[in-house]
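With the first letter of the sequence shown counted as 1, position 96 gets the number 113 in our numbering; the numbers rise by one all the way through.
Every residue gets a Cβ at the ideal spot worked out from N, C-alpha and C, and that includes glycine.
Before any comments, here is the structure.
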Amino acid sequence: MNNFHIRYAKEGDEGLILQFIKDLAEYEKLLHEVVATEELLNEWLFKKKKAEVIIGELDGEPVAFALFFHNFSTFLGKSGIYLEDLYVKPEMRGKGLGKTMLKRLAKIALERGCGRLEWWCLDWNKSSIDFYLSLGAEPMKDWTVYRIARDTLAELGKE
């Protein structure tokens with residue numbers, strides 16, 4: 018689509034990014050877990066620069082976003098890109114916008130010399146899984162994700 022453009026998010030986009038996060042969380046039935054605020058996004062995205070966001074705009078209207086950051090592979094000896102969230106508004110799906118967003122992320126990874134582009138996907142999200150498989154993505158086998166958060170993190174981290 019010639020009228021679809023991708024840009025990096027900038028300060029002032031926090032409200033838009035937060036709305037995309039909430040829309041994605043609602044789709045994933047996890048809206049109750051969103052505690053992010055515009056102030057937190059400003060601090061972590063633009064002040065501390067701990068993650069980046071690209072925004073896809075169709076005819077100047079924001080319709081997609083991806084939030085990503087660098088991770089590191091000790092085996093490869095270099096960084097990769099971890100895609101935390103990719104979201105395309107429901108009415109815009111099926112037009113190739115998600116693929117275009119992933120292609121841009123792959124290009125960013127290559128330009129930066131990264132060895133990987135990876136992400137997680139909910140097991141029940143068959144349409145996304147089918148989409149990722151159609152791009153040649155491979156599910157990781159023999160790996161389970163573990164997480165420590167909230168009270169457990171506070172307890173483990175105290176002296």
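Bounding residues of the alpha helix (DSSP H) (the contiguous stretch that carries residue i)
| i | result |
| --- | --- |
| Ala-126 | 114-128 |
Assigned exposure category for residue i - 16 Cβ within 10 Å defines buried
| i | result |
| --- | --- |
| Ala-166 | exposed |
| Val-70 | buried |
| Asp-168 | exposed |
| Glu-17 | Beyond the ends of the chain as shown, which are 18 and 176, falls residue 17; an answer cannot be given. |
| Asp-30 | buried |
| Leu-122 | buried |
Distance between beta carbons of residue j and residue i, contact taken as under 8 Å
| i | j | result |
| --- | --- | --- |
| Leu-139 | Glu-45 | 6 Å |
| Leu-84 | Asp-102 | 5 Å |
| Pro-79 | Leu-33 | 6 Å |
| Ile-98 | Arg-24 | Not really, about 17 Å apart at Cβ, beyond 8 Å. |
Alpha-carbon spacing of residue i relative to residue j, whole angstroms
| i | j | result |
| --- | --- | --- |
| Phe-21 | Asp-76 | 6 Å |
| Leu-93 | Met-157 | 16 Å |
| Met-18 | Glu-176 | 55 Å |
| Glu-43 | Gly-130 | 34 Å |
| Val-105 | Ala-26 | 16 Å |
| Phe-63 | Glu-155 | 32 Å |
| Ser-96 | Met-109 | 32 Å |
| Phe-86 | Ser-144 | 24 Å |
Opening and closing residue of the beta strand (DSSP E) in which residue i lies
| i | result |
| --- | --- |
| Tyr-149 | Element bounds for Tyr-149: not the beta strand (DSSP E) but the alpha helix (DSSP H), 143-151. |
| Asp-102 | 95-105 |
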